[in-house]
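Shown next, in structure tokens, is the structure this report addresses.
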Amino acid sequence: MLFINNDSNDVYFNFALEHYFVTEKQMNEPLLVFWRTEPTLMVGKYQNIYEEVDVNYAKQHDINIVRRPSGGGTIYTDLGSWQFTFIHYQTQREIFFDDFTQPVIVALNRLGVPAEFNGRNDIMIENKKISGNAQYKEKGITVHHGSLLFDTDIEEMVRSTTVDEHKIISKSIKSIRDRVTNIAEYLSNDFTAMDFKQYMVKELMGNEATIYHLTRTDIARINELADQLFRSWEAKYKRNPTFTRTTTHYLAGGKLSVSLNIKSGRIAELQLTGDFFSGEDIEEFCQKLVGTRLDEQAIREKITELTDQSLIYNISNEEIATAILDIPQRNID
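First residue of the sequence shown: 372, per my numbering; consecutive thereafter.
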């Protein structure tokens with residue numbers, strides 16, 4: 372495994388770095404990047420920013436907003452948080468977490484931190500979240516990235532995010548403070564954030580660590596990609612069109628919102644959003660459903676025609692069809 376030495380705190384650069392090593396400079400072995408950011412709100416690929424983030428507060432307090440290339444929910448990060456990225460070049464379409472989260476959990480356990488996986492995409496300590504994880508696929512290549520709350524400003528996290536009330540009610544949790552914690556609280560006071568990084572990199576890389584240092588050419592191209600793919604207004608907000616009807620469903624694989632425009636009883640526009648994960652092209656799938664009659668037989672037959680594999684991690688195609696069809700008849704013109 373190669374360790375990519377990256378000291379940038381620019382979130383747009385850091386996500387562009389992932390993209391660069393997936394699409395333009397593929398290496399001969401898996402990669403690990405360990406990085407952090409200035410105060411940032413990372414929104415999942417399929418989420419509506421306005422439902423997840425206090426945009427005005429973020430602007431007033433110089434908090435970056437970025438749309439991740441992966442699914443999952445919104446997280447707040449700052450210089451008290453660490454992010455880790457694994458890039459595996461073996462072709463793999465399915466979403467899977469254990470291969471990437473387990474080494475992190477083992478490393479934390481060896482440090483005396485009682486971390487464990489929660490079964491979906493979080494690493495927890497005593498039922499409090501310290502790490503959210505997400506994945507995406509690009510040409511079959513797996514990119515897995517996760518957060519590690521080491522000494523994050525929890526108060527700022529609370530102020531800058533809009534919490535989905537259903538999630539709190541459904542888990543009997545009063546506030547964000549009650550469901551997240553910092554790793555530093557379980558370590559001695561003299562164990563710094565940099566100590567933590569050095570420890571984790573050593574544990575994850577093992578004794579055969581090889582370091583790759585970014586070249587000037589690498590950095591210049593990554594900066595170009597950051598501007599093109601992550602920093603612009605379009606990159607952040609283009610996934611938030613206006614729809615005449617939206618329904619929301621809470622399923623095993625996460626929150627799934629279906630937004631529809633309907634003309635003459637057929638789908639004119641369709642968008643699937645939420646904090647779910649997918650190894651498929653959701654936008655292409657939605658586009659191929661445009662023109663389909665909004666009735667049960669037509670929708671189910673079309674979905675079966677389009678794919679014989681599960682489109683969304685832990686949400687069946689049958690459940691997707693049911694969610695699309697969950698619209699009052701008065702909304703069909």
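Don't be surprised by glycine CBs; every beta carbon is placed ideally from N, CA and C.
Predicted model only: the values in this text are computed from it and were never measured.
- Note on F467: under 16 other CB atoms within 10 angstroms of its CB, so exposed under the neighbour-count rule.
- In this structure, T644 sits near N419, with a CB-CB distance shorter than 8 angstroms.
- Taking every protein chain shown into account, the CB of T581 has fewer than 16 other CB atoms within 10 angstroms, so this residue is exposed.
- When DSSP states are grouped into helix, strand and coil, Q599 belongs to the helix group.
- Where T675 is concerned, the enclosing alpha helix (DSSP H) starts and stops at E667 to L677.
- CA-to-CA, the gap between I446 and G415 works out to about 9 angstroms.
- I670 and I638 have their C-alpha atoms spaced approximately 10 angstroms apart.
- Per DSSP, D561 has no beta-bridge partner at all.
- In this structure, D378 is the residue among I683, D378, L627 and E676 with its C-alpha nearest to the C-alpha of L450.
- DSSP links K500 through a beta bridge to M495 and V551.
- Around the C-beta of K573, fewer than 16 other C-beta atoms lie within 10 Å, and the residue is accordingly described as exposed.
- Looking at the DSSP output, F405 bridges to F455.
- Taking S687 as the centre and dropping the five residues before and after it, the same chain places the C-beta of S681 closer than 8 angstroms to its C-beta, in chain order.
- Less than 8 angstroms separates the beta-carbon of S452 from that of L520.
- For the set A478, Q454, V426 and D549, the Cα lying nearest the Cα of L403 is the one of Q454.
- Around D646, the same chain offers G415, G443, G444, G625 and K626 as residues with beta carbons nearer than 6 angstroms, after the five sequence neighbours per side are excluded.
- Residue range R637 to G645 is occupied by the beta strand (DSSP E) that includes E640.
- The C-beta of A623 has fewer than 16 other C-beta atoms within 10 Å across all chains shown, which makes the residue exposed.
- Minimum Cα-Cα distance from F457 among the listed residues F386, M413 and V426 corresponds to F386.
- Non-local C-beta neighbours of Q397 in its own chain, meaning closer than 8 angstroms and more than five positions away in sequence, comprise Y460 and I512, ordered along the chain.
- In this structure, H390 sits near L600, with a CB-CB distance shorter than 8 angstroms.
- In this model, K659 and Y417 are separated by some 17 angstroms (Cα to Cα).
- Using a Cβ distance threshold of 8 angstroms, R550 and K500 count as a contacting pair.
- Here L677 is not near G636, since their CB atoms are 8 angstroms or more apart.
- In the structure shown, S531 adopts helical secondary structure according to DSSP, grouped into three states.
- Closest by C-alpha distance to T411, out of E422, E400, V426 and P401, is V426.
- E423 counts as buried, since no fewer than 16 other beta carbons sit within 10 angstroms of its beta carbon.
- Nearest neighbour of L482 by Cα position, chosen from T588, D522, M571 and A505, turns out to be M571.
- Ranked by Cα distance from E595, the first of E395, H584, K568 and T619 is E395.
- Taking all protein chains shown into account, D493 has 16 or more neighbouring C-beta atoms within 10 Å of its C-beta and is therefore buried.
- Judged by DSSP in its simplified three-state form, T618 adopts strand.
- For Y507, same chain residues with a beta-carbon under 6 angstroms away, outside a window of 5 residues either side, are P440, S441 and V514 in chain order.
- In this structure, the alpha-carbon of D652 lies about 42 angstroms from that of F562.
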